[in-house]
Every structure is written in structure tokens, then in C-alpha cells.
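Below is one structure, written out as C-alpha cells; comments come after it.
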Amino acid sequence: MKKQDVINQILGDRLENLANPLLVKAFAPTNIALCKYWGKRDQELNLPVTSSLSISLGSKGTSTELCLNEQAQDIFMLNGEVMSLSSNFSRRLESFLDLFRGRHSWHFRVETKTNIPLAAGLASSASGFAALVLALNKLFDWQLDSHQLSILARLGSGSACRSLWPGFVEWSKGIERSGMDSYGKEISAVWAELCIGLLMVNENEKPISSREAMQRTVDTNMFYSLWPEKVNQDLVAIKKAIDEKDFLLLGKTAESNALTMHSLMLSAWPPIQYALPETVAVTQKIWALRQQGIAVYFTQDAGPNLKLLFLSADAALIQSHFPTLEIIKPFETSSSLE
Ligand code: PMV
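Using numbering that gives the first Met the number 0, read the sequence shown as starting at 0 and increasing by one per residue.
Given below as C-alpha cells:
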């Protein structure tokens, strides 16, 4: 099945809706997986092998302004700069928008602003595709529900399907070949004391995309067959931790899940290592702090940067150990998901 088939199924006649002549705006938060998505059962539709669970980062994310462009080409802007149409950023955006041009062959002007470092493993593509789908929904007045929007965002980037809500979100893997049952769902829990600390180690673009890295892991690592069971156990533990506000269980499970994902990459062939020496130094410092009784854990995505997990009562102490840490309280910032 192709992406276009899924879009036709969701939008039907609405794919031919006339566009709103005005500029529309949308915001989506970035999300950090506490139980990771690593491996696809369908590469075209970004359908995952397992379910996953994330937390959105409040006002950290992407704002997108979208309107039609009269000329016969798209214009893409990123943080105030016009992007060359041959850049990776533009090519990804253009091929996603190709799915929505309909028989009018619309061209678009997309102005994206993000307050997170791009391509540094901080899920900028997740908030980017989610914000774009929200903006398209407004521009064409599709009036889709959040699950349909989540499916469309997934076609841009898997983890984007979790970026349509604040707070905790679970992405159910689904079993249908069309992926119509594979979308994000909000978990209605508030954990006001929970903090996420962003620790930037390196802001350069990652040497290998998550798409390529996850496929290589699936294709070459005999231990990958154990990953779905690990995820099943971790999902149960994380949901219990959220329910009972059991921070030690949450931290331990999220850290172990991330380390397992990275060990699967290390034992793929050729091996993949996103960690830099500074990443390793920070993880060892975190383990040393835990030995001293400080409740701090980490998670790491497809990049060298770390996200620390701790409770607000320890925020000042953790900040004193990591002065450059940017602390986010996901349940304190009200995010404008209009
Ligand atoms: O959605 P993608 O293709 O950028 O992959 C995201 C992969 C991880 O960030 C490492 C894990 C996750 O669940 O977000």
C-alpha cells in the first residue's frame, strides 16, 4: 500500500477542497520517547514493529505558517531563512506535500520556526510534520479528528504521530496493513513535578538518519527479535509508573529502554554509535550521582544529546551539576495546539 492510498482513504473528496486564501498557523510540541519506536514493519507507511510511549515538551516544538504560493513552485523557510529546494529539509517537505496537491497542483509557502536544534536527535521532524499536518487541515478545512491527523503525520515521520498532544502519548502499533489502526493516543495523566532536562552535547547534524539506522538494526542484528518483548514489558512498567507517580520506576525503565535500543545499534553491522565521548562522560556522571542517592535518569535518541529525567524538588541540585542544562516542565507550560 502507498502513502497516497492512505491519504485518499482518509480524505476522499476533501483532497479536492479549495484552499483557504488566508495564511494559517499551527504549533506542535516535540516529543521524547520514554519507550522507543525502533524498527518498522512497513517502511513506506512508517508502521512500527512495536508500540511506543512519549512525553511532549510543552512549548518546545515547531510553529508553522502555511499559505498557497501563486508561483509554480514551493517556498520553504526555516527560522527566517529561505531554504534551497535541493536541501534535505526541502526535499522531505516537498515530497510530503506532493501527497496533498490534488488536481489543482497547489504550491505552498511554508514558514517553519523551531525552538529546538534541528537533526540533533531532538525530534525536530516529529514536531515539524505534526505542525504541518495541523496547518494543512486548517488551510483546506478538512476537519479531521486527531487520530486521522496522527496517521497523516506518521506518513511524514513515524514519531510525528505522537506530537499532536501535550503530555504522555502512546502510539499503538496497530495490526492492519493499511496502518489505519496505528496512531497516537493521549494518556490523560498530569505529573506536575516531572522535569526533563535537555543536555546538548553537540548540535551538528547526525551522521546517519534514524530511518537508515533503524532499518540496519532490523536487517542485521539477530538480537532484534528480543526487542518487541522488551518493549512490551517496558510499556507496562511505564504506564504503571505514570499511574502511581512512581518516579524511580519511570526513570529506570526509560533509561534501560534507551540503552537497549543503543546496544542494538552497536551490535548491528556496520555498527552505529550516536554517543560521543561527552555523551558517555555524562551518562557516567549520572550513574555516579545515582550512587550518591540523587534520583536522576536519562534517555537518548538518534543523536549524542541526552534528556535527563528528574523531579522538580531536585531541579536546583541537578542544575548545579549540569549548569548548561535546559529544564522543561512538560505539565507546566501550556502549549498552543490550535
Ligand atoms: O520518527 P523517526 O523516524 O525520526 O524515528 C524516531 C526514533 C527515535 O527518536 C530514536 C525513537 C522515538 O520513538 O522517537
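Ideal Cβ positions, reconstructed from N, Cα and C, are used throughout, including at glycine.
Contact test: residue i Cβ vs the ligand PMV heavy atom, cutoff 7 Å
i, result
"SER156", "yes"
"ALA381", "As shown, the chain starts at 0 and ends at 337. That puts residue 381 outside it, with no answer to give."
"ASP300", "yes"
"TYR182", "no"
"ARG289", "no"
"LYS35", "yes"
"SER209", "yes"
"SER126", "no"
"SER51", "yes"
"ALA236", "no"
"ALA27", "no"
"ALA253", "no"
"ALA32", "yes"
DSSP state of residue i mapped onto helix, strand, coil
i, result
"ARG40", "strand"
"ILE207", "coil"
"PRO276", "helix"
"THR282", "helix"
"SER266", "coil"
"GLY250", "helix"
"GLU169", "strand"
"ILE326", "strand"
"ALA301", "coil"
"ALA18", "coil"
"ALA27", "strand"
"ILE317", "helix"
"ILE54", "strand"
"LYS35", "coil"
"LYS1", "coil"
"GLY11", "helix"
"THR61", "strand"
"LEU336", "With a pLDDT of 38 at LEU336, under the threshold of 50, the modelled position of this residue cannot be trusted; read the value that follows with caution. DSSP places LEU336 in coil when its eight states are reduced to three."
Supposed close pair residue i, residue j - CB separation, criterion 8 Å
i, j, result
"ALA267", "THR216", "5 Å"
"LYS1", "MET260", "Wrong, their Cβ atoms sit about 29 Å apart, outside the cutoff."
"GLU185", "VAL168", "6 Å"
"ILE74", "LEU56", "Contact doesn't hold; Cβ gap of about 28 Å is too wide."
"LEU65", "VAL23", "5 Å"
"SER255", "TRP170", "The pair is not a contact, with the Cβ atoms about 19 Å apart (cut-off 8 Å)."
"VAL5", "SER177", "6 Å"
"SER53", "ARG161", "5 Å"
"THR63", "ALA18", "With 8 Å as the limit, THR63 and ALA18 do not qualify as a contact, their Cβ atoms being about 15 Å apart."
"HIS106", "GLN70", "7 Å"
Could you pull out every unbroken alpha helix (DSSP H) segment of at least 4 residues lying fully inside the region 116-167, listed in chain order?
-> 123-138, 145-155
Would you mind listing the alpha helix (DSSP H) stretches within the region 63-112 that are 4+ residues and don't spill past its ends, in chain order?
-> 87-96
Counting only runs of 3+ residues fully inside the region 180-246, write out the beta strand (DSSP E) ranges in chain order.
-> 183-186, 193-198
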